[in-house]
Amino acid sequence: MEKILKRYRFEATLLTAMLIVSLWLIFGG
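The sequence shown begins at 10 in my numbering and counts up by one.
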């Protein structure tokens, strides 16, 4: 179960990072 939770957390972090980058590119670039 811990492995699943870790993987989910990793994917959520990746999604958040991608979202932040795309927003930064839209508004900052």
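Here a beta-carbon is modelled for each residue, glycine too, at the ideal position from N, C-alpha and C.
Which residue comes first and which comes last in the alpha helix (DSSP H) that contains residue i?
i          : result
residue 37 : 11 to 37
Measure the C-alpha to C-alpha separation of residue i and residue j and round it to an integer number of angstroms.
i          : j          : result
residue 34 : residue 27 : 10 angstroms
residue 32 : residue 17 : 23 angstroms
residue 14 : residue 29 : 22 angstroms
residue 19 : residue 11 : 12 angstroms
residue 22 : residue 38 : 23 angstroms
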